[in-house]
Amino acid sequence: MIKKFTWKSLVPCCFQAEIPLEEPTKKIVKKQSSFQRISVSDISLSGPSLSADDISSSLIGSNLHVFTLAELKVITQSFSTSNFLGEGGFGPVHKGFIDDKLKPGLKAQPVAVKLMNLEGTQGHREWLTEVIFLGQLRHPHLVKLIGYCCEDEHRLLVYEYMVRGSLENQLFRRYSASLPWLTRMKIALGAAKGLAFLHEAEKPVIYRDFKASNILLDSDYTAKLSDFGLAKDGPEGDETHVSTRVMGTHGYAAPEYVMTGK
Ligand code: AMP
Numbered sequence: 025m026i027k028k029f030t031w032k033s034l035v036p037c038c039f040q041a042e043i044p045l046e047e048p049t050k051k052i053v054k055k056q057s058s059f060q061r062i063s064v065s066d067i068s069l070s071g072p073s074l075s076a077d078d079i080s081s082s083l084i085g086s087n088l089h090v091f092t093l094a095e096l097k098v099i100t101q102s103f104s105t106s107n108f109l110g111e112g113g114f115g116p117v118h119k120g121f122i123d124d125k126l127k128p129g130l131k132a133q134p135v136a137v138k139l140m141n142l143e144g145t146q147g148h149r150e151w152l153t154e155v156i157f158l159g160q161l162r163h164p165h166l167v168k169l170i171g172y173c174c175e176d177e178h179r180l181l182v183y184e185y186m187v188r189g190s191l192e193n194q195l196f197r198r199y200s201a202s203l204p205w206l207t208r209m210k211i212a213l214g215a216a217k218g219l220a221f222l223h224e225a226e227k228p229v230i231y232r233d234f235k236a237s238n239i240l241l242d243s244d245y246t247a248k249l250s251d252f253g254l255a256k257d258g259p260e261g262d263e264t265h266v267s268t269r270v271m272g273t274h275g276y277a278a279p280e281y282v283m284t285g286k
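Quick note: the sequence shown uses this note's numbering, first residue 25, plus one each step.
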């Protein structure tokens with residue numbers, strides 16, 4: 025069953041510093057021509073009620089698949105501990121396997137299913153930000169979002185499976201040889217290409233959470249950026265910067281951004 029979510033559930037109070045205080049009177053999602061990327065603000069500021077259908081119709085052409093919770097339970101063996109891959113701020117991540125009969129047009133493949141922790145600090149807004157950005161941005165150095173699930177209060181994300189997990193895990197695993205320098209250079213270059221793509225896009229994106237735990241590695245150490253929950257539209261046209269509430273991770277955010285919010 026698809027639930028309509030309200031303005032309040034869409035924009036939790038902890039994010040209100042970054043949005044206009046008055047509730048907008050404009051209705052629902054702005055219509056976009058097919059080549060224009062829609063922004064988080066196009067959706068989150070667009071009206072008091074927004075359904076999962078509104079999201080999927082805004083993302084037509086993005087090739088995102090909409091999964092039911094039941095389907096994701098089946099492919100992860102009910103989120104079993106044997107399929108557990110790790111846990112970040114959003115919630116636990118489990119490996120799953122999609123067969124070629126699950127969805128028309130979706131090939132058989134392993135996937136990573138991220139489940140929103142209903143008691144956690146991150147919620148619907150991070151989920152929506154991830155769906156909007158990763159649903160529309162495709163690049164060899166960004167992790168591929170395959171689809172999502174939005175059912176009652178449940179929010180899940182389905183990604184391509186990255187065999188070697190996060191760079192942080194690779195760097196700090198206890199019992200393994202350290203990464204050779206050439207591999208480290210390959211990872212750094214891949215991650216930088218992902219960032220350059222975001223910054224040079226027609227509608228630039230500021231990622232805001234660049235760190236080893238958000239860089240995923242596939243079998244040949246190709247690096248891909250993941251976790252767009254804090255991403256934000258960058259400056260456009262004559263703008264030289266955007267001002268934001270300082271967000272990110274201590275020790276990783278650029279000092280001048282932490283000092284000025286620009
Ligand atoms: P995150 O919430 O993105 O920080 O993810 C938590 C952990 O889950 C990461 O450190 C990885 O070990 C694992 N993980 C997340 N996404 C994937 C993926 N697409 N493929 C494989 N492992 C993943």
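Quick reminder that beta carbons are idealized off the backbone N, C-alpha and C, glycines included.
Your pair F91 and V182 checks out as a contact, with CB atoms roughly 6 Å apart and the cut at 8 Å. Relative to the ligand AMP, the beta carbon of V155 is positioned no closer than 8 Å to any heavy atom. Inter-residue distance for Y199 and N193 is about 11 Å (C-alpha atoms, whole angstroms).
Taking a 10 Å sphere around the C-beta of F108, we find fewer than 16 other C-beta atoms and assign the residue as exposed. Our two residues, L130 and I230, have alpha carbons roughly 30 Å apart in a direct line. A straight-line Cα-Cα distance of about 34 Å links G110 and E226.
Residue S267 holds the alpha-carbon nearest to the alpha-carbon of T284 among S267, H274, Y276, G272.
Looking at K248, Y281, E280, the one whose alpha-carbon comes closest to that of P164 is K248. Beta-carbon to beta-carbon, V137 and L180 are separated by about 6 Å, close enough to satisfy the 8 Å threshold. Assignment of Y183 by DSSP, reduced to helix, strand and coil, places it in the strand class. With a cut-off of 8 Å on Cβ pairs, the segment 208 to 222 is not in contact with the segment 265 to 279, counting fewer than three such pairs. By the Cβ neighbour-count rule, R269 is exposed, with fewer than 16 other Cβ atoms within 10 Å of its own. As the crow flies, the alpha-carbon of N87 is around 14 Å from that of C173.
Cβ neighbours of K286 within its own chain (closer than 6 Å, five residues either side excluded): H265, S267. Counting C-beta atoms within 10 angstroms of its own C-beta, F196 has fewer than 16 neighbours from the protein chains shown and is therefore classed as exposed. Annotation for K119: the continuous beta strand (DSSP E) segment containing it runs 116 to 122. DSSP assignment within the segment 92 to 169 yields the following whole beta strand (DSSP E) runs of 3 residues or more, N-terminal first: 108 to 111, 116 to 122, 133 to 139. Assigned with DSSP and collapsed to three states, S237 falls in helix. By the C-beta density criterion, K125 is exposed, having fewer than 16 other C-beta atoms within 10 angstroms.
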